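A quick write-up on the structure given underneath.
2 protein chains.
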Amino acid sequence: MIESVKTIYLLKRLSKYIKKLNIKKKTTIKDIANVLNISAAAVSKALNDDSRISKKTKKAVKQVAENLNYQPNHLASALRKGKSKLVGVIVPRTNSNFFSSVIQNIEEVLNKEGYNIIITQSNESFKKECDSIDTLLFTQVDGIIASMANETVDLDYYEKVKAKGIPLILFDRGENDLNVDYIGINDYKSSQVIIEHLVNQGRKRIAHIGGYKRTRIFNNRIRGYIDAVKKHNLPLDPELLIESSLTIEDGKEKMEQLLQLKERPDAVYVASDYAALGALQALKGRKIKVPEDIALVGFGDEPFTAVVTPSISSINQHSAEIGKQAALTFLGYTKKKTVKQTLNKIILDAELVIRESSRN
Amino acid sequence: MIESVKTIYLLKRLSKYIKKLNIKKKTTIKDIANVLNISAAAVSKALNDDSRISKKTKKAVKQVAENLNYQPNHLASALRKGKSKLVGVIVPRTNSNFFSSVIQNIEEVLNKEGYNIIITQSNESFKKECDSIDTLLFTQVDGIIASMANETVDLDYYEKVKAKGIPLILFDRGENDLNVDYIGINDYKSSQVIIEHLVNQGRKRIAHIGGYKRTRIFNNRIRGYIDAVKKHNLPLDPELLIESSLTIEDGKEKMEQLLQLKERPDAVYVASDYAALGALQALKGRKIKVPEDIALVGFGDEPFTAVVTPSISSINQHSAEIGKQAALTFLGYTKKKTVKQTLNKIILDAELVIRESSRN
DNA sequence: TAGTTTTGGTTAAACGTTTAACCAAATGGT
DNA sequence: ACCATTTGGTTAAACGTTTAACCAAAACTA
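Residue numbers (our numbering), protein chains in the order written: chain A, 1 to 360; chain B, 1001 to 1360.
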């Protein structure tokens, strides 16, 4: 009896508020507090399942919140708590399967913990990357997960992030000097696996169209190539080692260059699938048979490598795992009160996917 | 003389503050105010170039801000102003050149006006899309620019956005019923241009591997195909019109299906480049000559269409322009005090890029 | 020179949450 | 029956900005 009187009373207050809402913009915890005649603090605690609030009150609060279509104001809580629950992600570009898959996995892991991500593309431009960092800091992100642009050599901007005590996690394109966490694959070893494979297929003169030496991962691939070639007593001709921007176009151009040589290679290892695709175009254009005349291996295992003719052998970079590990590494810092980063590498073993372009 | 005494005094206060900063975390306008012995409000106004602050004070404020490495707290100002200066972007996926290019152009236009974007991928999942909308609303975005997932038919979540008075702009995959702004290309006409082209190349039996009929853009392409085929008095065989998920795999499968027909088509128009690529695989697998035996046309002008052999004719969707227009449309609403959206379409004429796969 | 305007600020409240500190009432222990 | 504890809250301050309202002093006006 008393219960139902109370209920009717509450319903009245509620409908009064719902009417007001057509005029007012948004429901706040104050509105809920007014309806229930309790303090805003109690509402806040109820919504956050604080132990000092009774089950009954919690239930009532959640009910009213539902009815009033309450949406917490993230900015207010972020301001108060000093945490934005936002993580910035910087990639050279999103339109490669590798990066898009990494991002997807970062997002998946972080969403579960209530974090959202802000994605920015540097388009391989150092300036754009600096701008991205500025805007991410401005947006008060709680952390930054990044893969550096090709152009980036000056690390001041990243140092700024570190100086602010914001966790910085690098993946794929990293830099030892920053002394932060890094997740990537074993580029050096990947090169060795590739060369090994090509040698097993009977290749004797293997060229490498590599990335910019100044970028660590490409440098590692180059070192891996050199050491492996030496190990197998193959010719280490400087003409066979070419630096490239690794775009489709440049891949094509650099392959043309290799074809000009008086002594052509019988296998080419290209440090990116996109450039490998361009190289394949060049070979086809000149009616050179792949793999019979020249074998080809790419890097990245982009989906198109499987569907192109001939399909291109490539290195699977475990993008999903990289994304997960990057996110988990970040989450590790959120548990601690102070952020103190050191060089901490997670290196995954990549695997070679052998396809038509390099199988006899 | 007096000047230099003042300067020394200031320097002292400054260095005192800089020392404190090693302990304290972040510089706020209060810190700047204390150094200069003015009010925080004055600092705020100075930083925002308010006319009521003297040039001298503004200069001093900016100087001190610089020295103390002041970074405005975006959350605080967003909370106070009720604007987060964040725009949410929802796409089915980022790893297609079309979407990544749209995003890049949205970002470019919005950054200039001080907006940042939060990108989320729905992965063509309705549930993920709803979650994205929730988190974007939670993050207090000032607007949402979206291209809908294939699965999406229920529009309640988007209605929620509208109900909140947050500008909603759709592109590519839109929906008339929502009565909001839409930017896209003329899909109907694109189909007609393609058929016209194929007819000009002497094709008599043209098939269409289309997307899901329930998705408006794919439906339009289908209608365009049907009307054009009728117009040219070509056979409108139901067997020639196939619905597909338009992935690489499904494109391959659906092409196989077409090849089973007793009366094969002599041209196939595929509503996506990815599916077209799959279709090309199927054709090559069966040693069918493209374009001699069967001509092929895709949709989207993804970069790989130009480098694959044979290169695939396709429709350029003007991704850059779509991104720009979407961003500008959003910015239009930020000038107005009340948001009142109506169905407002910007339809761009797409252009057919003719390549080897359909040129005799 | 008294009144008005302009200049260059100041004060205080507000945005919506969270949280430390407090407290009254109920319950428990002996 | 008295003190201690637990329960279930309340109050008020804080997060860092912005902004409406106010004001003193200087500068103009006639």
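Idealized CB from N, CA, C, for every residue including glycine. Note that this is a predicted model, so its numbers are computed, not measured.
Per DSSP, cross-strand counterpart(s) of residue 344/A = Beta-bridge partners of residue 344/A (DSSP): 181/A.
Are there 16 or more other CB atoms within 10 angstroms of the CB of residue 22/A, so buried, or fewer, so exposed?
-> Model confidence at residue 22/A stands at a pLDDT of 49, short of 50, so the residue's coordinates are unreliable and nothing is read from them.
To the nearest whole angstrom, what separates the beta carbons of residue 79/A and residue 193/A, a pair I think is in contact under 8 Å?
-> In this structure residue 79/A does not touch residue 193/A by the C-beta definition: roughly 50 Å separates them, more than the 8 Å allowed.
Can you give me, in chain order, the residues of the segment 1094-1128 of chain B that have a beta carbon less than 8 Å from any beta carbon in chain A?
-> Contact annotation: in the segment 1094-1128 of chain B, residues whose CB is within less than 8 Å of a CB in chain A are 1094, 1095, 1096, 1097, 1099, 1100, 1101, 1103, 1104, 1107, 1111, 1116, 1117, 1118, 1119, 1120, 1121 and 1123.
Kindly say whether residue 1048/B, judged by its beta-carbon, lies nearer than 9 Å to any beta-carbon of chain A.
-> Using a CB distance cut-off of 9 Å, residue 1048/B does not count as an interface residue toward chain A.
Using a C-beta to C-beta distance shorter than 8 Å, which residues of chain A count as neighbours of residue 1137/B?
-> Those are 71, listed as they occur along chain A.
Alpha-carbon to alpha-carbon, residue 1072/B and residue 1029/B | Looking at the two C-alpha atoms, the distance is approximately 8 Å.
Which residue spans inside the segment 213-260 of chain A form an unbroken alpha helix (DSSP H) run of at least 4?
-> Counting whole runs of 4 or more residues, the segment 213-260 of chain A contains the alpha helix (DSSP H) stretches 216-231 and 248-260.
Which same chain residues, not among the five before or five after residue 316/A, have their C-beta less than 7 Å away from its C-beta?
-> 301, 350, 351 and 353, listed in sequence order.
Which word fits residue 85/A, buried or exposed, when buried means at least 16 other C-beta atoms lie within 10 angstroms of its C-beta?
-> Result: buried.
How is residue 150/A classed by DSSP in three states: helix, strand or coil?
-> Coil, per DSSP.
Sub-9 Å separation of residue 1328/B and residue 1182/B beta-carbons | Not in contact: residue 1328/B and residue 1182/B (Cβ atoms no closer than 9 Å).
Ends of the beta strand (DSSP E) at residue 171/A?
-> Segment 168-171, the beta strand (DSSP E) holding residue 171/A.
Compare the beta carbon distance of residue 1152/B and residue 107/A with 9 Å and say whether it is the shorter of the two.
-> Cβ atoms of residue 1152/B and residue 107/A: not closer than 9 Å.
For residue 1254/B, which option in 1282/B, 1057/B and 1189/B has the closest C-alpha, if you only look at C-alpha atoms?
-> Distances from the CA of residue 1254/B to each of 1282/B, 1057/B and 1189/B were compared; the closest alpha carbon is that of 1282/B.
Give the residues from the segment 294-325 of chain A that approach chain B closer than 8 Å (Cβ to any Cβ), ordered along the chain.
-> Hits within the stretch, in order: 303, 304, 307, 308 and 309.
Which stretch, first to last residue, makes up the alpha helix (DSSP H) that contains residue 1063/B?
-> Counting along the chain, the alpha helix (DSSP H) containing residue 1063/B begins and ends at 1055-1067.
Out of curiosity, what's the CA-to-CA distance linking residue 305/A and residue 195/A?
-> Taking the straight line from one Cα to the other gives about 19 Å.
At which residues does the beta strand (DSSP E) containing residue 316/A begin and terminate?
-> Run containing residue 316/A: 314-316, per the beta strand (DSSP E) assignment.
Return the bridge partner residues of residue 295/A from the DSSP annotation.
-> Its beta-bridge partners are 267/A.
Residues that DSSP places opposite residue 1121/B in a beta bridge | Beta-bridge pairing links residue 1121/B to 1091/B.
Please state whether DSSP places residue 1116/B in a helix, a strand or coil.
-> In the structure shown, the three-state DSSP call for residue 1116/B is strand.
For residue 130/A, collect the residues of the same chain with a Cβ closer than 6 Å to its Cβ; drop the 5 residues on either side in sequence, then sort them by chain order.
-> Correct list, in chain order: 157.
Near-chain A residues of the segment 1246-1260 of chain B - C-beta to any C-beta below 7 Å | Taking 7 Å as the upper bound on Cβ-Cβ separation, chain A lies near residues 1248 of the segment 1246-1260 of chain B.
Delimiting residues of the alpha helix (DSSP H) encompassing residue 46/A = Residue 46/A -> alpha helix (DSSP H) spans 40-47.
Cross-chain neighbours of residue 147/A in chain B, by beta carbon under 7 Å = For the C-beta of residue 147/A, not a single chain B residue is nearer than 7 Å; the gap to the nearest is close to 14 Å.
How about residue 228/A and residue 266/A: are their beta carbons less than 9 Å apart?
-> Remark: C-beta atoms of residue 228/A and residue 266/A do not approach each other more closely than 9 Å.
Going by other Cβ atoms of all chains shown within 10 Å of its Cβ, with 16 needed for buried, is residue 1338/B buried or exposed?
-> So residue 1338/B ends up on the exposed side.
Would you decide whether residue 320/A is buried or exposed? Buried here means 16 or more other CB atoms lie within 10 Å of its CB.
-> It is exposed - the Cβ of residue 320/A has fewer than 16 other Cβ atoms within 10 Å.
Backbone CA spacing between residue 1176/B and residue 1216/B [nearest angstrom] = Straight-line Cα distance between these residues: approximately 9 Å.
Would residue 1278/B count as contacting chain A if we go by Cβ distances under 9 Å?
-> Answer yes: the Cβ-Cβ gap between residue 1278/B and chain A drops below 9 Å somewhere.
Does any C-beta atom of chain B lie closer than 9 Å to the C-beta of residue 192/A?
-> Not closer than 9 Å to any Cβ of chain B, the Cβ of residue 192/A fails to qualify, so no.
Specify the secondary structure class of residue 22/A as computed by DSSP and reduced to three states.
-> Because the pLDDT of residue 22/A is 49, which lies under 50, any placement of that residue in the model is unreliable, and the question is left without a value.
Chain B contact residues for residue 284/A, given Cβ-Cβ distances below 9 Å = Under the 9 Å cutoff, chain B gives 1309.
Please determine, among 1252/B, 1347/B, 1322/B and 1356/B, the residue with the shortest C-alpha to C-alpha distance to residue 1314/B.
-> Residue 1356/B is the option with its Cα nearest to residue 1314/B.
Can you tell me whether residue 1134/B is buried or exposed, with buried defined as 16 or more other CB within 10 angstroms of its CB?
-> Classified as exposed, residue 1134/B has fewer than 16 neighbouring CB atoms from the shown chains inside 10 Å of its CB.
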